[in-house]
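>
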Amino acid sequence: MSKANSFLEQRLKERSEKGLLRSLKQENSLIDFSSNDYLGFAHSAALHQYINAETKRIAPNLNGSGGSRLLSGNYAYTEATESFIASFHQAEAGLILNSGYDANVGLLSAIPQRGDTIITDELIHASLIDGARLSLANRFKFRHNNLNELEQKLKQATGNIYVVVESIYSMDGDMAPLKDMSELCQKYGANLIVDEAHATGLFGPNGAGLVVQLGLQDAVFARIVTFGKAMGMHGAIILGSETLRSYLINFARSFIYTTAMPLHNIIAIRCAYEWLMRENHPQQIHQKIELYNLLINQLNSNHIQSTSAIQTLLFSNNSEARNAALQLQEKGFDVRPILSPTIPVGQERLRICLHTYNTEAEITTLVQQLKELTQNAE
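According to the UniProt record's numbering, the sequence shown holds residues 1 to 378 in order.
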C-alpha cells in the first residue's frame, strides 16, 4: 500500500472512531423534513409535465452542450433565460453557472485582487470560503451579524473592499441585517455581495429574495441565486451589472473551464421560474413556518427562532443530536443531525426544513415528537 493510501485510511479511521464518518444514503420513504425543496418544486408532478412540454416545444437537438459556453455550449435560449431571471430579481444582468459552488468560487476568486480586502461573516457557506481562499486579496472575518465588528474590519481594509454575507443562513435560518450592512458599505466605499440561496422563492415579491424585499437591489454589488433549493432544479446565477457579467465571462475560471449546462437544464430552470410566478408560493410556505413556530414556542427547549424554512433545535454534543435524529427517523420523520466539525463544538443540532407539502398534521406530530425528546433529555 502506498503512503498516500495509508494516509487516506488513517484519516478515515480517525473520523470513524469519532463517530463522524460520512457516507452516502439512498432515498427513503420517511416524511421529508430534511431537504431544501422548500416549495416542493423538485417533487412537483405538474411542474415536471410543464418542463416536458416546454422541452418538446423547444426540441433541443443535442443531449449535452458539447463544450464550454465560450466554445460550443452557448444558446440564445440560455442568454434569454439569464435576462429573464435577472429581470425577475430586478438586476441589470445575470450569468448562469453550473452550481452555487461554481458561482461562489468563480466570483470571489476572480474579482478581488492582491491588495484588495474580502470581509466575510464567520458563518458563510464553504463555497464562499473556498472562493475567498483562492483570491490573492487580504481576508478578514467578523462575528456573525456583528455590525460593530464589521465596521472595525472595514476601517482596517485596503484597496477595493468586498463584504460577503448570506441573506438567510443555512444552519440557523436567521437573517443578515442587510440594510445596516448596506449603509456601512456605502460609508466605507465597500462592495456588498449577498448569497441568496436560502431566501430565493421565500422572501420578496414572488420570491425574488430578501435583497429585493428590502429594496437594496441597487446597493448590492453582486447577488448569488441558486436553483437547487426552493427552485427545485440545479445551477446558479450571479446577478449584477452588465460589466460584472462581462468580467466573469472573461475571468471566472469556474465558468470558463467547464462544460456548459445542456439546454434541457436551462429549460427546466426557466420553467421553474415561470411556475414560481403562477401562485403565491411564498405565502404557502410561510403559513407552514408560522404553524411550526406557534407549536414549537410552547416547548421549553433550545429552539432557535426563525422566520425562514430552516428551523434548528440545539443539543449539547454530537451523540445527543445523532440519537435524537435516529429516534425521529424511527417515528417516520426524515430529520438529520448537523454535527461538529461541520459546525462548532457545542452547537450540534437538528436542522429541520419545512416544505409546502408538509401537512399540518405532519408538522404537529413532528413537534410533539420533539417535545417528547426534550422531556426525556431533562
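Cβ atoms here follow ideal geometry from the backbone N, Cα and C, with glycine treated the same way.
Buried or exposed for Ser127, going by 16 or more other Cβ atoms inside 10 Å?
buried
> Just the C-alpha distance for Gln90 and Thr200, rounded to the nearest angstrom, thanks.
In a straight line, the C-alpha of Gln90 is about 13 angstroms away from that of Thr200.
> Could you spell out the range, first to last residue, of the beta strand (DSSP E) harbouring Glu166?
Ile161 to Glu166
> Since Asp121 and Ala137 are thought to touch, with beta carbons under 8 angstroms apart, how far apart are those beta carbons, to the nearest angstrom?
At roughly 16 angstroms, the Cβ-Cβ gap does not stay under 8 angstroms, so Asp121 and Ala137 are not in contact.
> Within 10 Å of its beta-carbon, does Asn145 have 16 or more other beta-carbons around it, so buried, or fewer, so exposed?
buried
> Report the option in Leu108, Ala46, Gly189 and Lys56 whose CA atom is closest to the CA atom of Lys153.
Gly189
> From what residue to what residue does the beta strand (DSSP E) around Asp195 run?
Asn191 to Asp195
> Quick one: give me the first and last residue of the beta strand (DSSP E) that Pro337 is part of.
Arg336 to Ile338
> CB Leu192 to CB Ala219, shorter than 8 angstroms?
Result yes, Cβ atoms of Leu192 and Ala219 sit closer than 8 angstroms.
> Using CA coordinates, which residue listed in Lys155, Leu295 and Arg69 is at the minimum distance from Thr258?
Considering only alpha carbons, the answer is Arg69.
> Compute the Euclidean distance between the alpha carbons of Phe88 and His43, then round it to the nearest angstrom.
23 angstroms
> Pair every Cβ in the stretch 91 to 103 with every Cβ in the stretch 232 to 241, then say whether three or more of these pairs are closer than 8 angstroms.
yes
> Would DSSP call Met175 helix, strand or coil?
Strand, per DSSP.
> So, using beta-carbon positions, are Pro112 and Ile118 closer together than 8 angstroms?
yes
> Pull up the DSSP beta-bridge partners for Thr81, would you.
DSSP output for Thr81 lists no bridge partner at all.
> Can you tell me the Cα-Cα spacing of Leu24 and Lys187, whole angstroms?
The alpha-carbon of Leu24 is positioned some 47 angstroms away from that of Lys187.
> Grab me the residues of Glu362's own chain with a C-beta within less than 6 angstroms of its C-beta, minus the 5 sequence neighbours each way, in chain order.
Ile31
> Would you please state the rounded distance, in angstroms, between the beta carbons of Val335 and Ala325? I believe it to be under 8 angstroms.
5 angstroms
> Classify Asn280 as helix, strand or coil using the three-state DSSP reduction.
Three-state result, Asn280: coil.
> Could you tell me which residues DSSP pairs with Thr117 in its beta bridges?
Asn138 and Ile161
> Between the Cα of Gly215 and the Cα atoms of Gly228, Thr81 and Ser182, which residue gives the shortest distance?
Ser182
> Straight-line CA distance for Met1 to Pro341?
Going by the C-alpha atoms only, they are around 29 angstroms apart.
> Which complete beta strand (DSSP E) runs does the stretch 190 to 235 hold, if anything under 3 residues is left out?
DSSP runs (the beta strand (DSSP E)) wholly in the stretch 190 to 235: 191 to 195 and 222 to 226.
> Give me the Cα-Cα distance between Gln156 and Leu150, rounded to the nearest whole angstrom.
Approximately 10 angstroms, taken between the alpha carbons.
> Closest to Asn293 by C-alpha separation, out of Ser301, His281 and Ser306, would be which residue?
Ser306
> Hey, quick one: how far does the beta strand (DSSP E) through Ile352 stretch, first residue to last?
Arg349 to Cys353
> Going by the CB atoms, is the gap between Ile51 and Tyr77 shorter than 8 angstroms?
no
> To the nearest angstrom, report how far apart Leu62 and Arg270 are at their CA atoms.
18 angstroms
> For Val345, is the classification buried or exposed, using 16 other Cβ atoms within 10 angstroms of its Cβ as the cut-off for buried?
exposed
> My output table needs one value for Asp37: the three-state DSSP class, helix, strand or coil.
Look at Asp37 here: in three-state DSSP terms it is coil, with no helix or strand label.
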